[in-house]
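Q:
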RNA sequence: GGCCUUAUGGUCAAGCGGUUAAGACGACGCCCUCUCACGGCGUAAACCCGGGUUCGAGUCCCGGUAAGGUCACCA
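Numbering (the numbering used here), first residue to last: 607 to 1152.
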């Protein structure tokens, strides 16, 4: 068989250059020893999964901590899955969470193009080389034929796939090949695998540790009939020429690692280090499963933006999943920038973690409590501008007023910060009663109307905006006393039956009357923020309602 | 089904042959307190099962079992 002739017949790309050209075009990167080159290589499907962020964070940390490079490559080899504007989505959503690429698609960089479709000539050059060396061959099998052999294999409990005796096109004669070609039959290029499934090697995975890897014996497709490479082939070539040193990717790739190992070997490339991380899971009834794009809204990165989770909070939560000792560090240094944490790939969990929104909320609350009222204002305003209702947008018209509201709700200036805010959506709803546009109380008192009316009336007559907190509370107590409520908690606790209620019940009536809620931050401060006029107006409204 | 991986409280997890088996979230209780939130204190809650190896096993080995991944001209 004349392999050279076959290679010429099969790969007709005129752009193909000698192999040395590519090696020279993409030289080894001049980086410090130990610097890691990592990448994120998503498909442009237009959907960004939480898992994308998860793996991006891991890769980004490793690269930047080591003084290396983190780049973005677009795996657009599957025409069917491609979505317009998807790359923009990738950039935007990752940028929101503070993940920055050093180079890659739609950015600068000397190792591009970073879109696989634009790299066809390189793949062709190497496919051609493999054919010349007799390590790849054309396959004319139809989908139907492939399916038939697969059925035969599964029926007979044989290892499925295209290999050995089942690789019909592997040993086609020269005549047969050219006949098929002449007949215009479509073909793919397959690797002529040299592996043996009975041979196993131990392999060091950066996250899983020592694993055993079986040699590949599948004659996998490297070039599809449209001349576009499969993931496997593109991976080997791209990660070699982009000089990736470490590939952190989802564990769904672990089973195709043998293919990649063989491809790198056959191509004469040095194998990068690999780390296969587990995917984030979710409880679905009794069983666990991967977070699903279709079933779980929280699988999508847009979910966190719509809810207004602070990007730092999401990052922190991701880090707790990513590195088991991160949480301890975070507890110790709640205010330090996350990037000061020394991330280590070996501390990644070996089994898939369940996504826990309660934990996210907790991380988020404590993170939000590190902001000051001005930062919170900006954050909430940005959210409201994008996702809020018109009323909610108007909350941010008066910066001074709203910052006072926020300072109160966040406990700024107090001994301990409050932790009421978990995300922007919830926070904006939380402060709604401070704004007349959205103040719509349902006055759920726990006492009868007559009593409440008496209390409100009584308070209104003594209320003085100029009172400090203590004087104010003394008046609340006085009102309690006038109505037979206990003013002394000890006395009340000693004999609760002797009173209709105590001061806290009086405070609750006032609270409900002015805010519509039974639970709020400090009532005196609320009245101070609302102002005398508005406080009185609300009291009157409440009284009128009784 | 084959192959690979994993297995500590409800969840995330420390642990690397000898521990009263950390910690965090959540739950519950108490305290603080005008409510809530914060904070403080406390309670309940775990080594998948069976065999080895060893003076000694959550930890090492071998079997089960269960869960996850994967078996495409998708990535």
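Backbone N, C-alpha and C fix where the C-beta goes; we use that ideal spot for every residue, glycine too. All of these numbers come straight from a predicted model, not from anything done at the bench.
#1: Have a look at the DSSP bridge pairing and note the partners of residue 1069.
#2: Distance, Cα to Cα, residue 914 vs residue 1034?
#3: Which two residues bound the contiguous beta strand (DSSP E) that contains residue 745?
#4: With H, G and I counted as helix, E and B as strand and the rest as coil, what does DSSP make of residue 1115?
#5: Between residue 1114 and residue 938, what straight-line distance do the alpha-carbon atoms span, to the nearest angstrom?
#6: Please give the ranges of any beta strand (DSSP E) in the segment 863–934, keeping only runs that are unbroken, at least 3 residues long and fully inside the region.
#7: Can you look up residue 1045 in the DSSP assignment and give me helix, strand or coil?
#8: Do residue 1036 and residue 1048 come within 9 Å of each other at the CB atom, strictly closer than that value?
#9: Could you say if the segment 813–824 and the segment 776–794 meet the contact criterion of at least three C-beta pairs nearer than 8 Å?
#10: Less than 9 Å between the C-beta atoms of residue 574 and residue 930, yes or no?
#11: Rounding to the nearest angstrom, what Cα-Cα distance links residue 740 and residue 637 in this structure?
#12: If you run the structure through DSSP and keep just helix, strand and coil, what is residue 830?
#13: Assuming the contact rule is C-beta atoms closer than 8 Å, residue 613 and residue 734 should be a hit. Round their C-beta distance to whole Å, please.
#14: Starting from residue 732 and walking both ways along the beta strand (DSSP E), at which residues does that stretch end?
#15: Alpha carbons only, please: which of 708, 1007 and 1031 is nearest the one belonging to residue 1133?
#16: Measuring straight from C-alpha to C-alpha, what distance separates residue 704 and residue 843?
#17: Output the boundary residues of the alpha helix (DSSP H) element that contains residue 1144.
#18: Looking at C-beta atoms only, is the number of pairs between the segment 1004–1018 and the segment 1122–1140 that lie closer than 8 Å three or more?
#19: Examine the Cβ distances between the segment 983–992 and the segment 952–970 and report whether three or more of them are shorter than 8 Å.
#20: What would DSSP say about residue 643, mapped onto helix, strand or coil?
#21: At the level of alpha carbons, what is the spacing between residue 731 and residue 786?
#22: Using 9 Å as the threshold, is the C-beta distance between residue 632 and residue 849 below it?
#23: Between the alpha carbons of residue 1138 and residue 896, how many angstroms are there, rounded?
#24: When burial is assigned at 16 or more other CB atoms within 10 Å of the CB, is residue 679 buried or exposed?
#25: DSSP three-state call for residue 626: helix, strand or coil?
#26: Starting from residue 632 and walking both ways along the alpha helix (DSSP H), at which residues does that stretch end?
#27: In the structure shown, what three-state DSSP assignment does residue 757 receive?
#28: Below 8 Å on the Cβ atoms is my contact criterion, and I expect residue 881 with residue 854 to pass it. Report the Cβ-Cβ distance as a whole number of Å.
#29: Determine, using beta carbons only, whether residue 828 and residue 702 come nearer to each other than 9 Å.
#30: Within the segment 945–1031, note down every full alpha helix (DSSP H) run reaching 4 residues or more, in order along the chain.
#31: Between which two residues does the beta strand (DSSP E) carrying residue 815 extend?
#32: What do you get for residue 922, buried or exposed, if any count of 16 or more other CB atoms within 10 angstroms of its CB means buried?
#33: Measure the alpha-carbon distance for residue 840 versus residue 783 and round it to whole angstroms.
#34: With C-beta atoms as the reference, is residue 717 less than 9 Å away from residue 682?
#35: Could you tell me whether the Cβ atoms of residue 800 and residue 868 are closer together than 9 Å?
#36: So, under 8 Å CB-CB, residue 823 and residue 738 are touching, yes? Tell me the CB distance rounded to an integer number of Å.
A: Taking the definition as stated:
#1: For residue 1069, which the question treats as bridged, DSSP gives no partner whatsoever.
#2: 10 Å
#3: 742–745
#4: helix
#5: 38 Å
#6: 879–883, 887–890 and 893–896
#7: coil
#8: no
#9: no
#10: With the chain running from 607 to 1152 in the structure shown, residue 574 is simply not present.
#11: 36 Å
#12: coil
#13: 5 Å
#14: Premise fails: residue 732 lies in the alpha helix (DSSP H), 726–738, not in any beta strand (DSSP E).
#15: 1007
#16: 29 Å
#17: 1138–1150
#18: yes
#19: no
#20: strand
#21: 23 Å
#22: yes
#23: 55 Å
#24: buried
#25: helix
#26: Counting along the chain, residue 632 falls outside any alpha helix (DSSP H), and DSSP gives it neither H nor E.
#27: helix
#28: 4 Å
#29: no
#30: 963–974, 979–993, 996–1000 and 1005–1016
#31: 815–820
#32: buried
#33: 25 Å
#34: no
#35: yes
#36: With 8 Å as the limit, residue 823 and residue 738 do not qualify as a contact, their Cβ atoms being about 22 Å apart.
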